[in-house]
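Encoded as C-alpha cells, the structure appears first; notes follow it.
Number of protein chains: 2
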Amino acid sequence: MKQTDAVTSIARRPGRPPGGHLAIDAEAILDAAERVIEHDGPGASIEAVAVEAGITKPIVYARVGSRAELANALADRLAARMVDAARRALAGQAFSRASLTEFIAANLRVVLTHRNLFLYVTGGSTEQTALGRLGLAERSTTPLAAGLEQWRRAAGLDSTVAESWAFGIVGMLQMASLWVIDESSPDPDRVADHLADLLWWGMAGEPGRTT
Amino acid sequence: MKQTDAVTSIARRPGRPPGGHLAIDAEAILDAAERVIEHDGPGASIEAVAVEAGITKPIVYARVGSRAELANALADRLAARMVDAARRALAGQAFSRASLTEFIAANLRVVLTHRNLFLYVTGGSTEQTALGRLGLAERSTTPLAAGLEQWRRAAGLDSTVAESWAFGIVGMLQMASLWVIDESSPDPDRVADHLADLLWWGMAGEPGRTT
DNA sequence: CACCTGAAGTTACTATGGGTAATTAACGAG
DNA sequence: CTCGTTAATTACCCATAGTAACTTCAGGTG
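Protein chains in written order, with our numbering: chain A, 1 to 211; chain B, 1001 to 1211.
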C-alpha cells in the first residue's frame, strides 16, 4: 500500500532505490555465484549471479570485479577446500603410499562434489583467465610444493624438484578430475589407486601392485 | 560497365557475388584460424578467422562448424603434432628414463611453439568445450595408453593402470606446459628432467639424481 | 535456347553477455 | 537546511556467436 500513487512498479527511472544500505559483501556474492554455477552450469552469467544475490550487476563489479576476478576468487575457495580435505585426510599420518592414495582420492571427491564449479574455474579462454588458470593451480601447488620440499629434504633427497613436481601433480589431478567428472572413467577410487602407484613407485618400479 | 547505374559499390545487397566457386576447404580455414590465433591470441574471433581465410562467417560454420567444433579440430591438429614430435623423439629407442625425458621435452617444445593455439584449445568454459578439453586430452592419451599397456605387459607388469596413467601424464604435461608458457618456470629442459624423475622412479625412488 | 531448381555464397540481423555510463536517492558535514 | 559525496539503480554500448534473408551461379530439362 505504501505509495501506490507514485506508480507502483511500471517504468522505474534509474537511481538508487529507497531503503537502507545493502548488507551484501563479497563473500555473499561468491556464495550466490556458487549456487548459480551449480544450477546453470559453467556458462553461468554475471547477471544471473547478481539476481541470485538479490542485487544488480554493477554491485558485483564493485565488490568482486570482472568475470576473471570472480573466477579467481572462486578458485581460491575451491583450492582451499581441496587443501583442507587433503589435510584432513592426511591428518597425523606419516607420508606413505597409503596416505598418498587418500590425498588423491580426497581431491577427486572434492571436485566431484563441485563439478560445475570446477569447470567454471578451470575454464575460460581469454588471456586473462588463462593465466588465472595457472593461478588456481598455484594455490594448490604452493602448499604442496612446500610439503614435498620439506619431506624430500628430511629424507635426504634432492629437493629442487619440489616445484616442478607440485605443478605436475596438480595437473595430473586436474586431468583426472575432468576424466572422472565426465563419467567414462572407472571408479574414482581405482583411479586414485592407479595414480598413487605411478607417483609413488614410478613407472619402473614394483611389479604386481594390482590393488 | 556491367550495371554501373545500379550503384557500383555502395550498399551491396545480400546475395552470392559474381565469380566462380570458392576453392576453400576446411583445411584452409583451419590454417587461417591458426594464423589468426597466433596473431590475435586465444580470444580470436570467428569473424577474424573468416576474414583471414578470405571468406565470410557462414562459410566457416558450413565447413567447420561452431566455435567448439573449430577448437576441436584445432585440438586434433595440435595433438597430432605432439604425438608426432614424441614419436620422432623416441624413434627406435628402447623405452628408458632418457627417452622419457625426451618425450616430455618434445611435448613442451611443441606447446611453446604454438603458445596461443594451446591456450585457445585448452580454454573454453561452456559445457561443450569442457568435454572438448577432455576430448583433446583423449587424442593424446589414446596412443599413449596403448604404448604404456604394451610396454607394461611385455615387462610382466600390471597393465590395467595404463589408461589412468595416460590421463594423469597428459594432465601433468598440460599443466607443465601452462607453467612453462607463462614464464615463471625454470628452463623447460629442467622441468622435463624433474618430471621424468618423478614418473620414472616415483616419489620414493632413487636419491641423488640431480640432473 | 529459355527456364526452373537447388546449391553456394553474401549481407544483414538477432541474441546474449561483459562491462560502463547516466541518473537518482540516502547520508553525513557545515 | 542545503549541499556534496557515496551507493545504488536502470539503461546503455559493444563485441561476438550464430542464423536468417536474399541473390547469384550451375546444370539439367523441355
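Cβ coordinates follow ideal geometry from the N, Cα and C atoms, glycine included. Because the structure is a prediction, the values reported are computed rather than measured.
- Taking a Cβ-Cβ threshold of 8 Å, the residues of chain A close to B/Ala-1137 are Met-175, Leu-178 and Trp-179, in chain order.
- Cα atoms of A/Ala-196 and A/Ala-68: separation of roughly 33 Å, rounded to the nearest angstrom.
- Look at B/Met-1172: its C-beta is under 8 Å from a C-beta on chain A.
- Judged by DSSP in its simplified three-state form, B/Leu-1157 adopts coil rather than helix or strand.
- At a cut-off of 8 Å, the C-beta of B/Phe-1103 has no neighbouring C-beta in chain A.
- The count of Cβ pairs closer than 8 Å, one atom from the region 58-78 of chain A and one from the region 176-186 of chain A, stays below three, leaving the stretches out of contact.
- Residue environment analysis places B/Leu-1112 among the exposed positions, since fewer than 16 neighbouring C-beta atoms fall within 10 angstroms of its C-beta.
- Here A/Asn-116 is not near A/Pro-188, since their CB atoms are 8 Å or more apart.
- Judged by DSSP in its simplified three-state form, B/Glu-1102 adopts helix.
- CA-CA distance, B/His-1039 to B/Phe-1167, rounds to 31 Å.
- Contact annotation for B/His-1194 against chain A: Val-161, Ser-164 and Trp-165 [CB-CB distance below 7 Å, chain order].
- For A/Asp-31, no Cβ of chain B is located within less than 8 Å of the residue's own Cβ.
- Neighbourhood of B/Met-1203 in chain A, by CB distance below 7 Å: Leu-199 and Trp-200, in chain order.
- For B/Thr-1056, the number of other beta carbons within 10 angstroms of its own is below 16, and it is reported as exposed.
- Taking a Cβ-Cβ threshold of 7 Å, the residues of chain B close to A/Val-191 are Ser-1164, in chain order.
- Within 9 Å of the CB of B/Leu-1134, the CB atoms of chain A belong to Met-175, Leu-178, Trp-179, Ile-181, Asp-182 and Ser-184, in sequence order along the chain.
- With a threshold of 8 Å between beta carbons, A/Gly-147 makes no contact with chain B.
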